[in-house]
Amino acid sequence: MKNNKKEKIMQGVFLVTACVSILAVALICFFLFVNGFPAMKEIGLKNFLLGKVWKPGNKKFGIFPMILGSIYVTAGALVIGVPIGILMAIFMARFCPKKLHKIIKPAVDLLAGIPSIVYGFFGLIVLVPFVRNHFTGDGNSIFTASVLLGIMILPTIISVSESAIRAVPDSYYEGSLALGATHERSVFLAVVPAAKSGILAAVILGVGRAIGETMAVMMIAGNQPRVPNSIFQGVRTLTTNIVIEMGYATDLHREALIATGVVLFVFILLINLTFSVIKRRSNKA
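In terms of the numbering used here, the sequence shown has 45 at position 45, counting the first letter as 1, and numbering is strictly consecutive.
Structure (structure tokens):
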């Protein structure tokens, strides 16, 4: 009887926490859409999403350059971070000696705990001068921000991917060996494909971290609201646009920044839905 009461109490606790989480998301959505849609209506949806000029003083609120900036920086971070992160996770899960793993694992966890402002200082002091001296431009660019974000998403991708790979039953690996495959082929052709759902979840978390990062990107991306012609030109992302101008924005300017948050919210939602569709199709296959 006592166990049944404890189970019912815990079920109630879990239900309440789940409802609080759902309510929090619903309230955020309500706030964003209620305050953002009037600005979109007044500015015009087409002018707001596809406009290439952002000059609040002249009542011009085009966020197309910021949308492109967010896409470019996030895509660059994924190109750099995803292959390195997944390969590192495979190494740590199936190839790394135990003594070395005891050193690498805390180092990866330490990377996850470093504040974004510290990453921003690292990018400003190390990456920006390096790019300025070895490439074109002043160093504050899409390329620099992508490299830094690629480093920042590594801990998330490595940790989640490693856990997914370690969760694969040993029978997959042993069965592959029994069929005559080598250790490397068994890992890459039997174990890793079985962990693809967890690895995909790691990539989704990495995308969320990259597209939502603000401080580090604001310090090294250049913060220029324009359509870039090169990866070595500066850009402004959606998040940095909100942070830079929200402190002094009023009236329509403030509402336009909230509407930018709505676009960012929808953008992340579409990315998650896309990955969910890909995951379902891969599971069916």
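In this text, a Cβ means the ideal position worked out from N, Cα and C, and glycines have one as well. All values reported here derive from a predicted model rather than from experimental measurement.
Contacts around residue i, its chain only, beta-carbon distance under 7 Å, and the 5 residues preceding and following it disregarded
i      : result
Arg166 : Ala93
Gly208 : Ile268
Buried or exposed by the 16-neighbour rule on C-beta atoms within 10 Å, applied to residue i
i      : result
Ala66  : In the sequence on display, residue 66 carries Met and not Ala. So Met66 ends up on the buried side.
Gly113 : exposed
Leu148 : buried
Arg280 : exposed
Gln11  : exposed
Contact set for residue i: own chain, Cβ-Cβ below 8 Å, skip 5 residues either direction
i      : result
Met246 : Arg254 and Leu257
Asp109 : Pro155 and Ser159
Ile278 : Leu200
Ala221 : Gly69, Val73, Asn140, Ser141, Ile142, Thr144, Ala145, Gly234, Val235, Arg236, Thr237 and Thr240
Limits of the unbroken alpha helix (DSSP H) element including residue i
i      : result
Tyr248 : Neither: Tyr248 is in no alpha helix (DSSP H) and is coded neither H nor E.
Met88  : Phe64 to Ile90
Ile211 : Lys196 to Gly212
Phe143 : Ile142 to Met152
Lys46  : Leu45 to Leu50
Ala103 : Per the sequence shown, residue 103 should be read as Ile rather than Ala. Counting along the chain, the alpha helix (DSSP H) containing Ile103 begins and ends at Lys98 to Gly113.
Asn229 : No alpha helix (DSSP H) contains Asn229, which DSSP labels as neither H nor E.
Val187 : That residue, Val187, is in no alpha helix (DSSP H); it is neither H nor E in DSSP.
Residues bridged to residue i (per DSSP)
i      : result
Val235 : Gly222
Phe33  : For Phe33, which the question treats as bridged, DSSP gives no partner whatsoever.
Phe121 : Answer by DSSP bridge pairing: none, since Phe121 is not bridged.
Lys60  : Lys55
C-alpha distance - residue i paired with residue j, whole-angstrom precision
i      : j      : result
Cys29  : Pro169 : 40 Å
Ala216 : Leu32  : 24 Å
Gly175 : Arg185 : 12 Å
Trp54  : Met88  : 41 Å
Residue i beta carbon near the ligand COA (any heavy atom closer than 7 Å)
i      : result
Tyr172 : As for the ligand COA, it is missing from this structure, which has no ligand bound.
Beta-carbon proximity list for residue i, same chain, < 6 Å, skipping 5 on both sides
i      : result
Ala249 : Leu257
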